[in-house]
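K.L.:
Handing you this structure, nothing more for now.
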Amino acid sequence: MKYHSSFRLLALLSVAAAWIGCSDDTPATIIQQPEATNFGDVSGVIADAGTGVPIPRATVTLFNQRVEADVEGKYVFMRIRHSDTLNLAVEATHYESRTRTFVLNAEKFRLEVSLNRLLGAVSGTVTDTRTGNPIPGALVTLLDRTVATDSDGRYNFIQIPYSEGLNLAVNDADYEGITQTFTLDVERLALRISLRPLTNPVAEIGQFLNGFSALIESTDANNIEAIQNQFSEAYRAADDPITQFGVAAGTIPADFNHVIPLATELF
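So that you can map any letter, position 176 of the sequence shown is 176 in our numbering, and since no number is skipped, the others follow by simple counting.
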């Protein structure tokens, strides 16, 4: 039995050899394994070019992927295919957009990006709230700069970084100071500032009455023009009972046009 099995095995091997010998000698197809594709991670920090401070919430784009930097300006892209030319685009509010080109051939690649802040100008005029006239010599402060308004009440600041929450402070010895908060996000921003005069109504009224009384008591016709100059062209007598009684009694002018006739009559 053992001998018979060996004979059968030899016979099968002979048939196989004959079949191979009758083939057309075409080499067998070799299946090649695809080359392994390499990937890497790209990460970094987006920062202000002038200060080095991280820029939170910047938008970072690579291929068709887009991520938002965190509060520390950090971003990361995972499993990016190696390439000799990759473009990383960065955008942020109040900053110039920027694109960085780089080569990726490692598992970990770090790319820091700095952005330049956009700059604009802030200008305007400072006027009197009561008269609308310009106020020359008023001091206007923005960031760490202070300028004085010119003879027309004008001021101008250039190269101011785009930003939110900027404060423009205006002061003058004869007026109430004011601070205006604003956002700069355009190339040129105009801000017109109006200041209230530093006044004491009681003192002003007393001063006016004393001067007016002195002119009336002088009974000098040459003072009639000076009396009229005490009133503005927009003057109208108040409509309260006491004032109207004085108008009716002929001691208070009804309006600007009645000042000279009344003063003339009194003299």
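Ideal placement from N, C-alpha and C gives every residue a C-beta, glycine not left out.
Note that this is a predicted model, so its numbers are computed, not measured.
In whole angstroms, what is the alpha-carbon distance linking Ile193 and Ile135?
P.N.:
In the sequence shown, the residue the question calls residue 193 occupies position 193. In the sequence shown, the residue the question calls residue 135 occupies position 135. Using only the alpha carbons, I get a separation of about 10 angstroms.
K.L.:
Considering only residues of the same chain and omitting the five flanking positions on each side of Arg158, which have a CB-CB separation below 7 angstroms?
P.N.:
What you label residue 158 is simply residue 158 of the sequence shown in a count that begins at 1. Going by the sequence as given, residue 158 is Ile instead of Arg. So the qualifying residues of the chain are Ala121.
K.L.:
Which two residues bound the contiguous beta strand (DSSP E) that contains Gly246?
P.N.:
Your numbering for residue 246 matches position 246 in the sequence shown. Gly246 -> not in any beta strand (DSSP E); alpha helix (DSSP H) instead, spanning 241 to 249.
K.L.:
How would you write the range of the alpha helix (DSSP H) that Gln228 sits in, first residue to last?
P.N.:
As a working mapping, residue 228 is identified with position 228 in the sequence shown. Element bounds for Gln228: 224 to 228.
K.L.:
Express the C-alpha separation of Gly153 and Leu189 in angstroms, rounding to a whole number.
P.N.:
Taking the sequence shown and counting its residues from 1, the one referred to as residue 189 is at position 189. Taking the sequence shown and counting its residues from 1, the one referred to as residue 153 is at position 153. Near 17 angstroms, if we compare the C-alpha coordinates of Gly153 and Leu189.
K.L.:
Opposite Arg188 in the DSSP bridges: which residues?
P.N.:
Mapped onto the sequence shown, residue 188 falls at position 188. The partner list for Arg188 (beta bridge, DSSP) reads Ala121.
K.L.:
Leaving out the 5 sequence neighbours to the left and right, which residues in its chain are closer than 6 angstroms to Ile227 when beta-carbon positions are compared?
P.N.:
On the sequence shown, position 227 is the one that residue 227 refers to. Counting only Cβ-Cβ distances below 6 angstroms, and skipping sequence neighbours, we find Leu215, Ala263.
K.L.:
Do you know how far the Cα of Glu187 is from the Cα of Arg100?
P.N.:
As a first step, residue 100 must be located in the sequence shown, where it is residue number 100. As a first step, residue 187 must be located in the sequence shown, where it is residue number 187. Each residue's alpha carbon lies about 26 angstroms from the other.
K.L.:
Exposed or buried, which one is Gly44 when buried takes at least 16 other CB atoms within 10 Å?
P.N.:
One-based indexing of the sequence shown puts residue 44 at position 44. It is buried - the Cβ of Gly44 has at least 16 other Cβ atoms within 10 Å.
K.L.:
How is Leu12 classed by DSSP in three states: helix, strand or coil?
P.N.:
By 1-based counting over the sequence shown, the position of residue 12 is 12. Any reading at Leu12 needs caution, since the residue's pLDDT is 49, under 50, leaving its predicted position unreliable; the model's value is listed next. In this structure, Leu12 counts as helix in the three-state DSSP scheme.
K.L.:
Is Leu198 helix, strand or coil when you go by DSSP?
P.N.:
For the purposes of this step, residue 198 is taken as the residue at position 198 of the sequence shown. Reduced to three states, the DSSP call for Leu198 is coil.
K.L.:
Return helix, strand or coil for Gly50, following the three-state DSSP convention.
P.N.:
The residue given as residue 50 occupies position 50 in the sequence shown. Three-state DSSP puts Gly50 in coil, outside helix and strand.
K.L.:
According to DSSP, which residues form a beta bridge with Ser151?
P.N.:
Counting from 1 along the sequence shown, the entry for residue 151 is found at position 151. Ser151 is not bridged to any residue.
K.L.:
For Val90 and Ser114, I'd like the C-alpha separation in whole angstroms.
P.N.:
Position 90 of the sequence shown, counting from 1, holds the residue named residue 90. Position 114 of the sequence shown, counting from 1, holds the residue named residue 114. Taking the straight line joining both Cα atoms gives about 9 angstroms.
K.L.:
Ordered along the chain, which non-local residues of its own chain (more than five positions away) have a Cβ less than 8 angstroms from that of Ser83?
P.N.:
To locate residue 83, count along the sequence shown from 1; it is residue 83. Val103, Leu104, listed in sequence order.
K.L.:
Could you spell out where the beta strand (DSSP E) holding Ala89 opens and where it closes?
P.N.:
Residue mapping note: residue 89 aligns to position 89 of the sequence shown, counting from 1. First-last of the beta strand (DSSP E) with Ala89: 83 to 91.
K.L.:
So for Leu262, helix, strand or coil by DSSP?
P.N.:
Within the sequence shown, residue 262 is the residue found at index 262, counting from 1. Leu262: helix per DSSP, three-state reduction.
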